[in-house]
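The structure appears right after this line, and notes come after that.
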Amino acid sequence: MSRMLYSATMSLDGFIAGPGGDMSWLTPYLGPDPAVDGLIGEIGALLIGNRSLRGDDPHRGDPDKEGKAFGGGWEGPQFVLTHRTPDEPVPGVTFVNDLDEAVKASKEAAGGRYVNIIGADVARQCIGAGVLDEVFVCVAPVMLGDGVRLFDEPGGSTVRLERVALSETPHATALRLRVVR
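Residue numbers (this note's numbering): 43 to 223.
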């Protein structure tokens with residue numbers, strides 16, 4: 043059965059995007075990483091937020107990587123959770139306006155592999171619905187001071203996690219965590 047995994051790279055102070063969704067901060071930290079490469083090989087489908095799909099790209103300006111999942115390192119079915127479906131279809135992307143429907147469809151498409159969640163708001167919704175199974179986060183050696191947090195829920199709720207793996211490269215420290223239920 044497919045499991046739901048939220049992955050992101052964040053700054054040491056907890057931001058996955060800078061102010062206004064800026065992702066250019068990430069570019070210097072996109073070096074080779076065996077943990078990330080291993081994760082990419084485990085992904086069967088993506089569940090993405092609309093802002094992430096249409097947002098800034100840390101690979102901007104690189105025609106071989108820009109606009110591609112994991113900079114072109116992954117291909118497969120993509121599901122975008124949104125209430126604003128575009129007028130024109132996007133090849134390889136299915137737009138869904140209901141979280142339960144998006145989770146079900148992405149799990150079916152993943153074929154027993156992980157559904158990788160991209161986007162803080164979608165991850166927050168999955169946490170709230172109790173469907174998130176794991177978190178994979180790379181901590182980059184930088185502090186942004188402002189932007190989009192990895193997990194932000196004013197008034198908050200505690201999500202207990204258990205470390206599954208830890209690895210390091212010169213670019214980041216990768217943590218793989220399981221949601222404790």
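Where a beta carbon is used, it is the ideal one built from N, C-alpha and C, also for glycine.
- Boundaries of the alpha helix (DSSP H) harbouring Ala-77: 76-82, taken from the DSSP string.
- A straight-line Cα-Cα distance of about 5 Å links Glu-176 and Val-221.
- Around the Cβ of Thr-51, a 10 Å sphere holds 16 or more other Cβ atoms; the residue is buried.
- Going by DSSP, Ser-49 is part of the beta strand (DSSP E) stretching over 46-53.
- Take Leu-203, set aside five residues on each side of it, and the residues of its chain with a beta-carbon closer than 8 Å to its own are Val-177, Leu-219, Arg-220, Val-221 and Val-222, in chain order.
- Looking at the DSSP output, Ala-87 bridges to Val-157.
- Comparing alpha-carbon positions, the option among Gly-62, Pro-61, Met-65 and Pro-70 lying closest to Pro-183 turns out to be Pro-70.
- Here the C-alpha atom of Glu-195 lies approximately 8 Å from the C-alpha atom of Arg-166.
- DSSP, read as helix, strand or coil, puts Ser-199 in coil.
- Here Ser-199 is exposed: its Cβ has fewer than 16 other Cβ atoms, across all protein chains shown, within 10 Å.
- According to DSSP, residue pairing for Ser-148 in a beta bridge does not occur.
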